[in-house]
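First residue of the sequence shown: 9, per our numbering; consecutive thereafter.
Each remark here refers to the structure printed beneath this line.
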Amino acid sequence: MTLPFHVRIEDLKLRGRELRNPGLHISVPAGESGKAFFLETFGCQMNDHDSEKVAGLLLSLGYRQVETPEAASLILYNTCSIREKAAQKVFSRLGEYREKQSEGKVIGVLGCVAQQEGEDIFKRAPWVSLVCGSASYSKLPEMIAQLEAGMQRVTGLDTDTDETFETEVTRRDNPWRAYLTIIEGCDKACTYCVVPFTRGPERSRASDSILREVRQLAELGYSEVQLLGQTVNSYADPTARRMRFSELLMAVAEVRGIRRVRFTTSHPSDFTPDIVEAIEREPKICDHVHLPVQSGSTRVLRAMQRTYSREEYLDKIALMRGANRPIGITTDIIVGFPGETEPEFEETLSLLEEVQYDSLFSFKYSPRPNTPSLSMSDSISEEEKSRRLAILQDKQREIQAAKNATLVGERFEVLVSGKSRRENQWSGYTTAHRMINFASQERELLGTYVQVRVTGAGPNSLLGEHAV
Ligand code: SAM
Ligand code: SF4
9 MTLPFHVRIE DLKLRGRELR NPGLHISVPA GESGKAFFLE TFGCQMNDHD
59 SEKVAGLLLS LGYRQVETPE AASLILYNTC SIREKAAQKV FSRLGEYREK
109 QSEGKVIGVL GCVAQQEGED IFKRAPWVSL VCGSASYSKL PEMIAQLEAG
159 MQRVTGLDTD TDETFETEVT RRDNPWRAYL TIIEGCDKAC TYCVVPFTRG
209 PERSRASDSI LREVRQLAEL GYSEVQLLGQ TVNSYADPTA RRMRFSELLM
259 AVAEVRGIRR VRFTTSHPSD FTPDIVEAIE REPKICDHVH LPVQSGSTRV
309 LRAMQRTYSR EEYLDKIALM RGANRPIGIT TDIIVGFPGE TEPEFEETLS
359 LLEEVQYDSL FSFKYSPRPN TPSLSMSDSI SEEEKSRRLA ILQDKQREIQ
409 AAKNATLVGE RFEVLVSGKS RRENQWSGYT TAHRMINFAS QERELLGTYV
459 QVRVTGAGPN SLLGEHAV
């Protein structure tokens, strides 16, 4: 197959790390035109991965990636609007670059804030030239061409699409673990959430295209893949194969060279027994499930339109606890949803006690534009939300400290992904996604899998030593 464009292998790696398959060489130099882009990303893993694809696309269009806005001719922000603070950050960043436009630089806003604010961004920040939401990324080459031709204002704001964003070249940030979006958008309608508005309807990527990319990744030396989606387990293969999500997990795990398969985020309503069976059958499928609950109160869950009750959620936990190997479980929680009473908040605390999560992300409820919860009465004061958040986090810290302490003396396989400035100190993750800092006399371990014996534990990470 001939590629429609060519990128030097140097442009496909970052931070000076070598790709481990130097044999794969794609020719013809990019970035010789003096066109350079700076891309900053806010938000979730899906945004991180969208940025990797946007970067690949720009490299294929002859741009170089640079580390500072000063060195760039095109400055792009891939934005997040899930909570108000995240959206504010974007506007304050844009303010910092007000003068850059007069220096002839083109400034663009991508992602959820772009979709949410649309053309209003031009009013609030008239120095911006490009506003493009994630559902329109496949049109980015056209939009970039329009900007290069001198157009002052270009937008991509349609969400009415059945397309997924696929590129021939993705410039990935991590040389061992590759993100791969398998489903975009969201068809759920949680009353607090902007995602269905900013990312559009649910679209699943064809299973054969996913598997083709996984095989390419394995050839490039990636050994861990993380399948992404806002509700990754709602995956519905659009091809005639009609692969179920659990079958796709198995098929990815079967690709030669792939050693770990992760997936996030799972929605409890679509979390079916066959997913646990796949984890049981195939050790390459990581023993970690991120299953956001949001609240421990069925009344609040109903108001959030989460489509499950506390008991139904606990049934999913029981499925995992009954598996033939332990599964690490993590979650997301929102405190201070409108009308959440003290006893309802306590139900969330008792859920933590009952489930014994390995870790969690917790948020104060943040009212978002267009969402149904915006008009709900009984809003909780910021002060009270902060109080509840602190209580929740203290409780979880205790749970994690106690759980991690039980792991001292155990051995885990770790994918080494970090090297400390301190001599002989390394870090990495177990398949259950526990972070371990450990000592080893080896000279080079990055990207390898090693056995580590746990010698100590804190609430957020483990300490260990290389076990040979
Ligand atoms: N799709 C995933 C799910 O349903 O679990 C999560 C998507 S969202 C990017 C990540 C987390 O942000 C959510 O699980 C929720 O806890 C939090 N979140 C979303 N909207 C929020 C809001 N308006 N206020 C506070 N937290 C919010
Ligand atoms: Fe938002 Fe709910 Fe969809 Fe998750 S499932 S992205 S919280 S609407």
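For every residue, glycine included, the Cβ atom is placed at its ideal position computed from N, Cα and C.
Given the structure is predicted, the values throughout are model-derived calculations rather than measurements.
Reduced DSSP secondary structure (H/G/I, E/B, other) of residue i
i       : result
Gly-466 : coil
Lys-484 : Not covered by the structure: residue 484. The range shown for the chain is 9 to 476.
Lys-148 : Note that residue 148 is Leu in the sequence shown here, rather than Lys. Helix.
Gly-472 : strand
Ala-44  : strand
Cys-120 : helix
Met-384 : coil
Thr-439 : coil
Gly-455 : coil
Asn-55  : helix
Gly-24  : At Gly-24 the pLDDT is 30, less than 50, meaning the model places this residue with poor confidence and gives no usable figure here.
Ile-90  : coil
Thr-163 : strand
Gly-426 : strand
Ile-480 : Outside the displayed range of the chain (9 to 476) lies residue 480, so it cannot be described from this structure.
Ala-398 : helix
Gln-7   : In this structure the chain extends from 9 to 476, so residue 7 is not present and cannot be described.
Ala-157 : coil
Lys-372 : strand
Val-416 : coil
Contacting residues, own chain, Cβ-Cβ under 6 Å from residue i (five flanking each side not counted)
i       : result
His-298 : Thr-272, Thr-273 and Thr-338
Phe-353 : Arg-396
Arg-180 : Glu-60 and Ala-186
Whole-Å CB distance - residue i paired with residue j, under 8 Å assumed
i       : j       : result
Ala-475 : Arg-419 : 6 Å
Ile-399 : Val-363 : 17 Å between Cβ atoms; not a contact.
Gly-417 : Ile-388 : No, Gly-417 and Ile-388 are not in contact; Cβ-Cβ is about 43 Å, not under 8 Å.
Val-222 : Val-260 : 5 Å
Ile-191 : Tyr-243 : 5 Å
Phe-45  : Leu-66  : 5 Å
Gly-126 : Val-139 : 7 Å
Leu-84  : Gly-116 : 5 Å
Leu-82  : Val-114 : 5 Å
Residue environment, residue i, which counts as buried when at least 16 other CB atoms sit within 10 Å
i       : result
Leu-382 : exposed
Met-159 : exposed
Arg-213 : buried
Gln-73  : buried
Ala-38  : Confidence at Ala-38 is low in this model, with a pLDDT of 44, below 50, so its placement is unreliable and no value can be given for it.
Asp-168 : exposed
Arg-132 : exposed
Ser-110 : exposed
Asn-378 : exposed
Ala-157 : exposed
Phe-446 : buried
Arg-268 : buried
Ser-374 : buried
Phe-50  : buried
Pro-351 : exposed
Residues near residue i in its chain [Cβ-Cβ closer than 8 Å; skip 5 each side]
i       : result
Asn-241 : Phe-253, Phe-271, Ser-274, His-275, Asp-278, Phe-279, Thr-280 and Ile-283
Glu-285 : Ser-254
Leu-357 : Gly-304, Ile-399, Leu-400 and Lys-403
Met-384 : Thr-199, Ala-311, Pro-346 and Gly-347
Leu-415 : Arg-442, Val-462, Ala-465 and Leu-470
Residues near residue i in its chain [Cβ-Cβ closer than 7 Å; skip 5 each side]
i       : result
Met-312 : Cys-198, Thr-199, Tyr-200, Gln-302, Ser-303 and Phe-345
Gln-216 : Position check: residue 216 holds Asp in this sequence, whereas Gln was assumed. Answer for Asp-216: Thr-247, listed in chain order.
Pro-467 : Arg-405, Gln-408, Ala-409 and Asn-412
Pro-300 : Thr-273, Thr-339 and Asp-340
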